[in-house]
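Q:
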Amino acid sequence: MPLDPYFSAGKLAWLLEHDPVVQRALEAGTLRMGTVDSFLCDLLGAGFATDPSTASRTQLGAPQWDPALLELFGVPAGVLPAIAETAGELGVLRHASWRQELPLRARCVDQQAALAGAGCVRPGLVKATYGTGVFVLAHAGDERPSPGGGLLPTVAWRVNDRVEWAIDGGVFTAGALLEWLSRDLGLAPDPAALAAAAATVDDGGGVKVLPALAGVGAPWWKPDARAVIAGLSASVRPAHVARAALEGIAWRVADIVNVVQDAVPVQVLRVDGGLTRDPTLLQFQADAAGVSVQRGLLDATAAGAAALAAVGAGLWSSTLEIEKRIPAGERFEPRRDAEWRAAAHADWRSFVERAAGL
Numbered sequence: 003m004p005l006d007p008y009f010s011a012g013k014l015a016w017l018l019e020h021d022p023v024v025q026r027a028l029e030a031g032t033l034r035m036g037t038v039d040s041f042l043c044d045l046l047g048a049g050f051a052t053d054p055s056t057a058s059r060t061q062l063g064a065p066q067w068d069p070a071l072l073e074l075f076g077v078p079a080g081v082l083p084a085i086a087e088t089a090g091e092l093g094v095l096r097h098a099s100w101r102q103e104l105p106l107r108a109r110c111v112d113q114q115a116a117l118a119g120a121g122c123v124r125p126g127l128v129k130a131t132y133g134t135g136v137f138v139l140a141h142a143g144d145e146r147p148s149p150g151g152g153l154l155p156t157v158a159w160r161v162n163d164r165v166e167w168a169i170d171g172g173v174f175t176a177g178a179l180l181e182w183l184s185r186d187l188g189l190a191p192d193p194a195a196l197a198a199a200a201a202t203v204d205d206g207g208g209v210k211v212l213p214a215l216a217g218v219g220a221p222w223w224k225p226d227a228r229a230v231i232a233g234l235s236a237s238v239r240p241a242h243v244a245r246a247a248l249e250g251i252a253w254r255v256a257d258i259v260n261v262v263q264d265a266v267p268v269q270v271l272r273v274d275g276g277l278t279r280d281p282t283l284l285q286f287q288a289d290a291a292g293v294s295v296q297r298g299l300l301d302a303t304a305a306g307a308a309a310l311a312a313v314g315a316g317l318w319s320s321t322l323e324i325e326k327r328i329p330a331g332e333r334f335e336p337r338r339d340a341e342w343r344a345a346a347h348a349d350w351r352s353f354v355e356r357a358a359g360l
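Residues 3 to 360 in the numbering used here are what the sequence shown spells out, letter by letter.
1. Tell whether a beta-carbon distance below 9 Å holds between glycine 250 and threonine 131.
2. Among the candidates Gly314, Ala30, Gly36, whose CA atom is the shortest distance from the CA of glycine 12?
3. Between proline 54 and glutamine 66, what straight-line distance do the alpha-carbon atoms span, to the nearest angstrom?
4. Inspect the beta-carbon positions of tryptophan 167 and alanine 89 and report whether they are closer than 9 Å.
5. What are the boundary residues of the beta strand (DSSP E) that includes isoleucine 328?
6. Measuring alpha carbon to alpha carbon, tell me which residue in Pro83, Ala345, Arg96 is nearest threonine 60.
7. Let me know the secondary structure DSSP gives aspartate 2 once reduced to three states.
8. Assign lysine 210 to one of two classes, buried (16 or more other C-beta atoms within 10 Å of its C-beta) or exposed (fewer than that).
9. Report all residues from its chain with a CB closer than 6 Å to the CB of alanine 357; omit the five preceding and five following residues, and keep chain order.
10. By the DSSP assignment, the alpha helix (DSSP H) with glycine 250 in it spans what residues?
11. Since leucine 153 and glycine 171 are thought to touch, with beta carbons under 8 Å apart, how far apart are those beta carbons, to the nearest angstrom?
12. When you compare only the Cα positions, how much space is there between glycine 119 and valine 161?
13. Can you grab the Cα-Cα spacing for the pair glycine 207 / histidine 242, in whole Å?
14. How big is the Cα-Cα spacing for lysine 326 and glycine 121?
15. Quick check on this structure: which residue in Gly63, Leu62, Leu127 has the alpha carbon closest to the alpha carbon of valine 268?
16. From Ile328, Arg337, Asn260, pick the residue whose C-alpha is nearest to that of alanine 348; which is it?
17. Measure how close the beta-carbons of alanine 252 and glutamine 287 come, nearest whole angstrom, since I'm counting them as under 8 Å.
18. For arginine 26, report the span of its alpha helix (DSSP H) as first-last.
19. Give the straight-line distance between the Cα atoms of arginine 164 and aspartate 144, rounded to the nearest whole angstrom.
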């Protein structure tokens, strides 16, 4: 993984070097540094543990903690949670306010849970989750991939001691951009109204928006990049900026899908998340990426966690059963031809390079 503040390792290293409370806890032998799931599981009685999918997003190694990375970042192995299976008999959750104990049967990081919730449980199946950011994951099978183009290998899950892998690419700003444009800049009452305004115009009126409120992730990895709105003129109205924002999000996803296609043939992009309610975005996404876009469950993350729990509880025999039970929604086919796509994507990349100082 590239050095980037998005991952946990650098933050843990900083705390160990600069926070006196953390340093005292380390000296006293009481320090624990982990992930949100390990924190909650420990408080609720299931023990201080996480799973390989979550561990793989910390930059400290997976499917086990990597001694070389721990040494590099100065994180003692003893302060980290144990890494257990993603699904299976993972312990029991209990709380004084609960009527009964609850068996814990799955524990998975959000984007990998969404991968399961999209039914992407076989190599070559690809999903994109549109939330605060957009995260594209492609199932890569049971051997660790070595993707190029700024994409990352990540653990999808580990079930019955079998590790399955994925290729990951993140757009760090998506829904957050619409929130900012509507709430903070006042272009619309809310993101839904902003998306509705975007549907009233055919294009951005010459406006381009780089969605980079939290830097630019894959494939460029430019954490100090900033969001840019360019091409403004006296004829531009809020609807044009809204349309350009949606198109900017779609182009950033297309940037990643194009690189994913070097490793995995992408025929259908399965999409989920709040922004996928908007047909304008999904149609432009199909045009920009040049693949079919299929709308899935609105909250594939929750569905995927539940599906993995069904596997962990033995209700379903394997993760392959998940694909059979996930409903498929509306499909959007590309309406633009390859010539338009090549020219428009080249224009977009030129804009990104100038806007982000690449």
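Note that the Cβ used here is the ideal one computed from N, Cα and C, for glycine as well. Please read all numbers here as calculations on a predicted model, not as lab measurements.
A: Walking through what the data contain:
1. No; because the gap between Cβ atoms is not below 9 Å, this pair is not in contact.
2. Nearest in C-alpha terms to glycine 12, of all of Gly314, Ala30, Gly36, is Gly36.
3. Straight-line measurement puts the Cα of glutamine 66 at about 7 Å from the Cα of proline 54.
4. In terms of Cβ geometry, tryptophan 167 and alanine 89 do not form a close pair [threshold 9 Å].
5. Counted as a single uninterrupted DSSP element, the stretch harbouring isoleucine 328 is not any beta strand (DSSP E), since DSSP gives it neither H nor E.
6. Closest by alpha carbon: Pro83.
7. Since the first residue shown for the chain is 3 and the last is 360, residue 2 is missing from the structure and cannot be characterised.
8. By the neighbour-count criterion, in which 16 or more other beta carbons inside 10 Å mark a residue as buried, lysine 210 falls on the buried side.
9. These residues qualify, in order along the chain: Leu212, Val230.
10. For glycine 250, the enclosing alpha helix (DSSP H) begins and ends at 240 to 262.
11. The C-beta distance from leucine 153 to glycine 171 rounds to 5 Å, short enough to fall under 8 Å.
12. C-alpha separation (whole angstroms): 16 Å.
13. Taking the straight line from one Cα to the other gives about 6 Å.
14. If you take the alpha carbons of lysine 326 and glycine 121, they lie about 8 Å apart.
15. Residue nearest to valine 268 within the set Gly63, Leu62, Leu127 is Leu127 (criterion: CA-CA distance).
16. Ranked by how close their Cα comes to the Cα of alanine 348, the residues Ile328, Arg337, Asn260 have Asn260 in first place.
17. Confirmed, about 4 Å.
18. In the DSSP assignment, arginine 26 falls within the unbroken alpha helix (DSSP H) covering 22 to 30.
19. Linking arginine 164 to aspartate 144 through their CA atoms gives a straight-line distance of about 7 Å.
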